[in-house]
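Okay, structure first, notes after.
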Amino acid sequence: METLFIGYGDGLVRATFNGSVKHERVIDGVPVPMVAVDPNEPDRVYAATLGRGLWRSDDGGESFSRVPHIEHELVWSVAVSTSDRSANGRGTVYTGTQMSAVYRSVDGGETFAELASVQRLPTKPSWSFPPAPDTHHVHQIALSPSDPGIVLFGVELGGVFRSVDRGETWELTDADPDPHTLRTHPTATGRMYQGGGAAYYATTDAGASWSRNLAGIPEAVRYFYSLAVDSGDPDNVLLSGARDPFSGHAVISGIPVWSTVYRLVEGAWQEVVDGLPPADGTAMGTLAAGAPGVFYYVTEPGDIYRSSDGGGRFDRLDEGQGPKRGTKARSVTVLTS
Amino acid sequence: MNNNVPPTAPAPPSDEQLIRLAVQNLACHPQAQRRYVQMGWMSRAMGNLSRIGEDLDTLVADGRLDGEQARQIAELRTLVQETLERRPDLVDEAGASARDYLFSSALEDDDWETIRQRARKLHHALSGEMSVFISIMAK
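Protein sequences appear in the order of chains A and B.
Take 1 as the starting number for the first sequence in this note's numbering and just add one per residue.
Take 338 as the starting number for the second sequence in this note's numbering and just add one per residue.
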């Protein structure tokens, strides 16, 4: 069975897929931009909310309660380490906020403390989120699955920073400064991937150096957001793209909505058209990987598409009679059991 | 359906909305600003700031701006105008291809940083504690 945690603009839905989809709304009335499951203890689930801080579940996402020690109400990102465990066996947790700050829990999510090192970064005065440029936030966090010291966080919009000492010191990387999505791979441990605001970037040395690859993508497509990597094949990557933020997110009336999904095939991107909605009129959704060869694509209005052949073809899932899903999908996290 | 009624066109953005959008465009991170240059939005933002900023008294009298906001808008307008007089190529793409320009370091100099920081402070003054997206279509 696969469990999807789908963060929407108005809450969090837990969707279980076992032939058909059953929805349960588990957080209501607040945007949920990211969910992370502790890989060492899958019943422990964290949900970032934009307005009510960080939330935590100890029953696989059936119920949540707010995590203390984090004063920020706007929490954008959360990640749990596979390689860095506390004494209680749970993974070290990192979470990112608006305005930009990174908190870390070294006791498996019981208590959190801010990393003061982030506030001392010399480029901080230049960070700025375009729709609200007097603000910025830690949009993404990525943790090495093999080296507990390697931590990356990305500021929207201000760059991707890398630490090799659990966040004590940081260096600005040469990834896209607009870190919409950062992903690692569970077995190819040096591989990391970025869906950046202007390009796709990848690294084979755990984020020390990044290279851009837009091969096969038309010049008119210059905006990228979500990506997912096949858990069974580190070279099989899906990436969502649009002409610009306005065609991709449908936030300004009068600009035609257009977005699509690309698949990396032998080093070049090919558009995925089999089974997905047409690019014209479709706002950018969110991608996630499940078991080897399995991808999910949740469209902005919440339709769920699934591929079981590594992203070559998608099928829209029968969503049955479950409770009303959310609106404006922001993130998907897949738990396979 | 009454076919005698012509379709209603969206209301054009107000001067207050255009000022807010201009400030947002001028305050962004350089990568976003390079995209706005490519779309023609940056020149339009500067034009709207120049035109509307010439007479802010009406917006203040209508209660759509307060005195401090108007003062900061006037300051930003003067800064942009003075910079443009010194550097008429301030938003010139210099013949670069769209992709090369987007990944260039254009707009990453002291003049632009001064404009950005001034506009960012003003954006905060306009939006209050919780900045929200400015989702309007500019002229």
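Every residue, glycine too, gets a C-beta built ideally from N, C-alpha and C.
query                                                                                                                        : result
A:Q119 beta carbon less than 8 Å from that of A:S426                                                                         : The structure shown does not extend to residue 426 of chain A, since chain A is modelled only from 1 through 337, so no value can be given for it.
Alpha carbon of A:T123 to alpha carbon of A:G158, nearest angstrom                                                           : 8 Å
Option in B:M383, B:R357, B:Y373 with minimal Cα separation from B:D438                                                      : It is Tyr, not Asp, that sits at residue 438 of chain B in the sequence shown. The candidate whose alpha carbon is nearest that of B:Y438 is B:Y373.
Within chain B, partners of A:A198 - CB distance below 8 Å                                                                   : Q368, R372, L439, F440
Residue closest to A:R212, alpha-carbon to alpha-carbon, out of A:E219, A:D205, A:Y200, A:P218                               : A:Y200
Within the segment 152–194 of chain A, ranges of the beta strand (DSSP E) (whole runs, at least 3 residues)                  : 159–163, 179–184
Residue from B:D394, B:H366, B:L402, B:K458 whose Cα sits closest to the Cα of B:L413                                        : B:K458
Cβ-based neighbour list, A:R263, same chain, cut-off 6 Å, excluding 5 preceding and 5 following                              : L238, Q270, V272, G311
Separation of A:H136 from A:P179, as counted between CA atoms                                                                : 12 Å
C-beta neighbour in chain B for A:G158, strict 8 Å                                                                           : yes
Where B:D429 falls, given that 16 or more other Cβ within 10 Å makes a residue buried                                        : exposed
Identified DSSP bridge partners for A:Q98                                                                                    : A:L74, A:H137
Neighbouring residues, chain B, relative to A:A101 (Cβ below 9 Å)                                                            : Neighbours of A:A101 on chain B: none; closest Cβ ~17 Å, over 9 Å.
8 Å Cβ cutoff met for A:T204 and A:R183                                                                                      : no
Nearest residue (CA-CA) to A:S331, options A:V298, A:A242, A:L152, A:Y193                                                    : A:V298
Beta strand (DSSP E) runs wholly inside the segment 3–28 of chain A, at least 3 long, in chain order                         : 11–17, 21–28
Any chain B beta carbon closer than 8 Å to A:S128                                                                            : yes
Beta carbon of A:T49 nearer than 8 Å to that of A:V32                                                                        : yes
Same chain only: Cβ atoms within 8 Å of B:A462, ignoring 5 sequence neighbours per side                                      : E405, Q406, Q409
Outcome for A:G241 when other beta-carbon atoms lying within 10 angstroms are tallied against a minimum of 16                : buried
Distance between beta carbons of A:G96 and A:V102, contact taken as under 8 Å                                                : 5 Å
Neighbouring residues, chain A, relative to B:R457 (Cβ below 8 Å)                                                            : S128, P133, D134
Beta-carbon contacts of A:E114 that lie in its chain and below 6 Å, excluding the five residues immediately before and after : A101, Y103
Sufficient close CB pairs (3 or more, under 8 Å) joining the segment 215–235 of chain A to the segment 286–298 of chain A    : yes
Interface flag, A:D244 vs chain B, CB-CB below 8 Å                                                                           : yes
Cβ-based neighbour list, A:Y223, same chain, cut-off 8 Å, excluding 5 preceding and 5 following                              : G197, A198, G241, A242, R243, D244, P245, S247, G248
Beta carbon proximity, B:A477 to chain A, threshold 8 Å                                                                      : The structure shown does not extend to residue 477 of chain B, since chain B is modelled only from 338 to 476, so the question has no answer here.
As assigned by DSSP and simplified to three states, the class of A:E219                                                      : coil
Proximal residues, the segment 159–180 of chain A versus chain B, C-beta separation under 7 Å                                : P177, D178
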